[in-house]
Amino acid sequence: MMTYGENIDPTDEISLMLIGDDAIKALAARTDEAEGSRSDYWEHQIGNFQVAADGTMTGQTALGNASKKVSLLRNFAHAALQRPLHRLAAPFPDLADCVRLGRQIARRQNRQFTYDMLRQSFTLALIRNYLDISSGEDCSLVIGDGYGVMTTLLLMHAPRRKVITVNLTKPLLLDLAYSRQAVPEARLALVESAQEMRDALADGGIRLIAVRADDADCIGDAAIGLAINILSMQEMDSGVVKNYFRLLRGNRARQTAFYCSNKEIKVTNFDDYPWRPGDTILHDSICEWSQWNYSARPPFWHRRPRSGKLIRHRLALLEMENT
Numbered sequence: 001m002m003t004y005g006e007n008i009d010p011t012d013e014i015s016l017m018l019i020g021d022d023a024i025k026a027l028a029a030r031t032d033e034a035e036g037s038r039s040d041y042w043e044h045q046i047g048n049f050q051v052a053a054d055g056t057m058t059g060q061t062a063l064g065n066a067s068k069k070v071s072l073l074r075n076f077a078h079a080a081l082q083r084p085l086h087r088l089a090a091p092f093p094d095l096a097d098c099v100r101l102g103r104q105i106a107r108r109q110n111r112q113f114t115y116d117m118l119r120q121s122f123t124l125a126l127i128r129n130y131l132d133i134s135s136g137e138d139c140s141l142v143i144g145d146g147y148g149v150m151t152t153l154l155l156m157h158a159p160r161r162k163v164i165t166v167n168l169t170k171p172l173l174l175d176l177a178y179s180r181q182a183v184p185e186a187r188l189a190l191v192e193s194a195q196e197m198r199d200a201l202a203d204g205g206i207r208l209i210a211v212r213a214d215d216a217d218c219i220g221d222a223a224i225g226l227a228i229n230i231l232s233m234q235e236m237d238s239g240v241v242k243n244y245f246r247l248l249r250g251n252r253a254r255q256t257a258f259y260c261s262n263k264e265i266k267v268t269n270f271d272d273y274p275w276r277p278g279d280t281i282l283h284d285s286i287c288e289w290s291q292w293n294y295s296a297r298p299p300f301w302h303r304r305p306r307s308g309k310l311i312r313h314r315l316a317l318l319e320m321e322n323t
């Protein structure tokens, strides 16, 4: 009879990967813990809101707009005000399908299809214009999502492909709660180590892999075909940004595409990110749909001042360390 510990290499990692509700409860229990990867900005912001295990949020957050004000009149008003802005992503053939996915997510979550969600749909249309991300061979990675919008768009667009989402604990809990409302059938795992990441990747039933930002090093054990960061690297300390680039360049994929959309001038400036001359640029421009917003009062559509507030987006094939 084998006793506990027999034939076990003490140097082996033991996987304690949490699945489904257990993962959600574990995150909810840790939302008030200190985190080494928080910037000064998020040290201030994180205490302004609370998130329960079911995704209920109280307080004020800088994560975007998740309005629950849904009615025929409000839906019509948003659609009418959004329609002229579709021209900003008109060159991308998959635009209509991406907007359809976004609207479907909003309906499933019983929330308004806001301009925050429309912008994410535009982003997916841009990415699909350059890349086929439907294959299940590699994973997609979302760094610093908001209400799980991009995570959910990727899950719905590519059902065969695993999605990894990494965020600070409290925003991550919110991401997962909202994603589960839209894609409840997507089994999720919370991983904290390289071994747990390997176990989650090997489990064909797991589609969504959640990682706390302090455990981000474990994403290097995944094959990341596409990584996305929208408006959160700009608030990160430069050391954290450098570490994400290191992980993306050294992960197990043969090639990693990185979509990055952030303010040109912020805590860490866009041009100061560790780009390399060997990166292949597929798209690089001012992100026009992030420069615009709308309101219920004339003149209805508003463009950000150009001075110091320009948001740039770039889609690049990164020069890899393993090539």
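Under my numbering, the letters of the sequence shown match residues 1 to 323, in that order.
All residues carry an ideal CB built from backbone N, CA and C; glycine is no exception.
By the neighbour-count criterion, in which 16 or more other beta carbons inside 10 Å mark a residue as buried, Asn251 falls on the buried side.
The beta carbon of Leu226 is closer than 6 Å to those of Ile133, Ser140 and Ala257 in its chain, skipping five residues each way along the sequence. If you look at Gln45, you'll find it in the alpha helix (DSSP H) that goes Asp40 to Gln45. Distance from the CA of Glu288 to the CA of Met150, rounded to the nearest whole angstrom, comes to 18 Å. For Trp289, the enclosing alpha helix (DSSP H) covers residues Glu288 to Gln291. Assignment of Phe49 by DSSP, reduced to helix, strand and coil, places it in the strand class. Classified as buried, Gly148 has 16 or more neighbouring CB atoms from the shown chains inside 10 Å of its CB. Counting along the chain, the unbroken beta strand (DSSP E) around Gly225 starts and ends at Ile224 to Ile230. Here Ile265 carries a coil assignment [DSSP, helix/strand/coil]. In terms of Cβ geometry, Leu172 and Leu27 form a close pair [threshold 8 Å].
Nearest to Asp284 by alpha-carbon distance, out of Trp292, Ala106, Phe300 and Glu264, is Glu264. Here Tyr273 carries a coil assignment [DSSP, helix/strand/coil]. In the structure shown, the three-state DSSP call for Thr151 is helix. The distance from the Cβ of Tyr273 to that of Val240 is about 11 Å, inconsistent with a contact at the 8 Å cut-off. Classified as buried, Lys162 has 16 or more neighbouring CB atoms from the shown chains inside 10 Å of its CB. In the DSSP assignment, Asn167 falls within the beta strand (DSSP E) that extends over Val163 to Asn167.
When DSSP assignments are scanned along the region 159-216, the uninterrupted stretches of alpha helix (DSSP H) that are 4 or more residues long and fall wholly within it turn out to be 169-182 and 194-202. In chain order, Thr31, Ile46 and Val51 place their CB closer than 7 Å to the CB of Lys170, counting only its own chain and leaving out the 5 sequence neighbours on each side. Excluding residues up to 5 positions away in sequence, Arg314 and Ala316 lie with their Cβ nearer than 7 Å to the Cβ of Ile281 in the same chain. DSSP places His302 inside the beta strand (DSSP E), whose first and last residues are Trp301 to Arg303. In terms of CA proximity to Val70, Thr114 leads the group Phe300, Asn229, Arg128 and Thr114.
Remark: C-beta atoms of Glu192 and Tyr41 do not approach each other more closely than 8 Å. The residues Ser140 and Val163, in chain order, have a CB closer than 6 Å to that of Leu154 in the same chain once the five nearest residues on each side in sequence are set aside. For Leu95 and Leu188, the gap between their C-alpha atoms comes out near 28 Å. Between the alpha carbons of Ala80 and His302 lies a gap of roughly 15 Å.
Leu315 has Tyr259 and His283 as its beta-bridge partners, per DSSP. Each residue's CA atom was taken as its position, placing Arg212 and Ala200 some 15 Å apart.
Leu72 sits in a helix when the DSSP states are folded into three classes. Straight-line spacing of the CA atoms in Leu190 and Gly144 works out to 16 Å.
Note on geometry: alpha-carbon atoms of Ala53 and Gly59 lie some 15 Å from one another.
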